[in-house]
Ligand code: RM4
Ligand code: MN
Ligand code: MN
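In the working numbering, the protein residues as written are 645 to 1068.
Take a look at the structure:
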């Protein structure tokens, strides 16, 4: 299904007067409104193909209605998101959950919706039906070369699939590790993993990047072979200039200072980008900004400062992706909320008075530094985000429009009440 532009326009017309009032209010206090709006308009966040259906926990899965039954329908759903907010112009595929049968046709369908293909994700954490080897004891780290070879071949196959679609990056997340002391020789696991990654790296096209994601625990509970940003950085430094460290916000030990990690990875030129989500306890994969929006703002503050210092393009020089799982909410509404949270944090970071902050830092004026950051964070920038969407051809209030236009009801009519999307 497609959300027609005239319907969005109709929705916007009704919301316009109220929107203008709120916009004028915030714009009165912001010096460079047009600059900010331009940056927001080009800022796109990729949607993972596995987030369009209802996820589950290990205890159960409660599917919603009208879930996408195929890759084509997942692309349609991202098309719906993008039509509504003009900021979800890319999809990130997980292989083999979503293998394009006809890459050209899939590419053409995505183009119809104005979508590009972001990083492709390999999967060596699940055994596939009829696989000749098992990943039970790891994949790229495995003690048996036959298993490592299978996992390497899979990653190379994923690169090929990505090339056919126009992707430019491979994301590697490994479940490899151990659950009991003594199970694994750490150095041996590291060396085997590095050797496997080198073989995958060698298959990367010249204009491709490899994103190496870290995660401190789960599914293994004693050690993980790429457990934290230091370990990821160690691998990518040894691999070469096309390898980068990917930060998934939910993959840290409690209370980790993620913004500092981000700042230093940027400084080293090794930050790949993000898997955005939010969490209270672990890899909870909750809606971005739903638990700790201040942390998200502080991360964006480091991003804007660090990217500007290196002359980087905010929109294109890092990978911006969501990695979340929707167990209770309508996945499309959930994703609209996540994207809005990212846009809000980004806009607030753009509002930080950098010169004043640097001056305060120079004289150790701690209270003033905090005032400067919180002045930006406490600004209600939602009207700016709405205005950017409006200017780009999207809805002033994407969730409001989604509900008003009864998109989910239509999807249920089209696809049925009992549909289950591929994914976790
Ligand atoms: C992992 C990790 C990966 C994601 C899988 C589904 O925890 O975040 O990025 O692909 O989950
Ligand atoms: Mn992730
Ligand atoms: Mn995760």
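Cβ atoms here follow ideal geometry from the backbone N, Cα and C, with glycine treated the same way. This structure is a prediction, so every number in the text was calculated from the model and none was measured.
Opening and closing residue of the alpha helix (DSSP H) in which residue i lies
i            : result
residue 943  : 937-953
residue 830  : 830-846
residue 755  : 747-756
residue 896  : From DSSP, residue 896 is part of no alpha helix (DSSP H); its letter is neither H nor E.
residue 883  : 873-883
residue 1034 : 1026-1036
residue 692  : It is not in any alpha helix (DSSP H) - residue 692 instead sits in the beta strand (DSSP E) that spans 690-692.
residue 985  : 975-995
residue 798  : 789-809
Contact under 7 Å by Cβ, residue i with residue j
i            : j            : result
residue 900  : residue 855  : no
residue 872  : residue 858  : yes
residue 628  : residue 814  : Since the first and last residues shown for the chain are 645 and 1068, residue 628 lies out of range.
residue 980  : residue 937  : no
residue 1067 : residue 741  : yes
residue 918  : residue 948  : no
residue 965  : residue 778  : no
residue 963  : residue 910  : no
residue 920  : residue 893  : yes
residue 1052 : residue 710  : yes
residue 907  : residue 889  : no
residue 971  : residue 806  : no
residue 651  : residue 1049 : yes
residue 1033 : residue 729  : yes
residue 719  : residue 754  : yes
residue 943  : residue 903  : yes
residue 695  : residue 734  : no
Minimum C-alpha distance to residue i - residue among the options
i           : options              : result
residue 727 : 991, 1057, 976, 909  : 976
residue 683 : 721, 731, 706, 758   : 731
residue 958 : 847, 987, 980        : 987
residue 881 : 914, 969, 1013, 723  : 914
residue 603 : 746, 895, 1003, 720  : Given that the chain is displayed from residue 645 to residue 1068, the structure contains no residue 603 and the question cannot be resolved.
residue 721 : 939, 1066, 1055, 906 : 1055
residue 825 : 843, 794, 867        : 867
residue 756 : 766, 646, 851, 874   : 646
residue 654 : 1059, 1038, 1023     : 1038
residue 793 : 973, 828, 840, 806   : 840
residue 952 : 690, 998, 847        : 998
residue 992 : 1006, 1018, 1004     : 1018
Range covered by the beta strand (DSSP E) that runs through residue i
i           : result
residue 856 : 853-857
residue 964 : 963-966
residue 736 : 734-736
residue 708 : Premise fails: residue 708 is in no beta strand (DSSP E) and is neither H nor E.
residue 813 : 813-816
residue 663 : Element bounds for residue 663: not the beta strand (DSSP E) but the alpha helix (DSSP H), 649-671.
residue 726 : First-last for residue 726: 715-729, but that is the alpha helix (DSSP H), not the beta strand (DSSP E).
residue 892 : 887-892
Rounded straight-line distance, which links the Cα of residue j to that of residue i
i            : j            : result
residue 819  : residue 984  : 30 Å
residue 703  : residue 717  : 27 Å
residue 1047 : residue 678  : 30 Å
residue 1031 : residue 666  : 10 Å
residue 658  : residue 675  : 28 Å
residue 770  : residue 968  : 19 Å
residue 922  : residue 648  : 32 Å
residue 668  : residue 1040 : 15 Å
residue 829  : residue 780  : 16 Å
residue 832  : residue 739  : 28 Å
residue 869  : residue 812  : 25 Å
Residue i beta carbon near ligand 3 (any heavy atom closer than 6 Å)
i           : result
residue 892 : yes
residue 927 : yes
Cβ-heavy atom distance, residue i to ligand 2, below 6 Å
i           : result
residue 738 : no
residue 967 : yes
residue 958 : no
residue 919 : yes
Any non-hydrogen atom of ligand 1 closer than 6 Å to residue i Cβ
i           : result
residue 765 : yes
residue 817 : yes
Residue-level contact to chain B via CB, residue i, 7 Å cutoff
i           : result
residue 940 : Absent from the structure is chain B; it holds one protein chain and no more.
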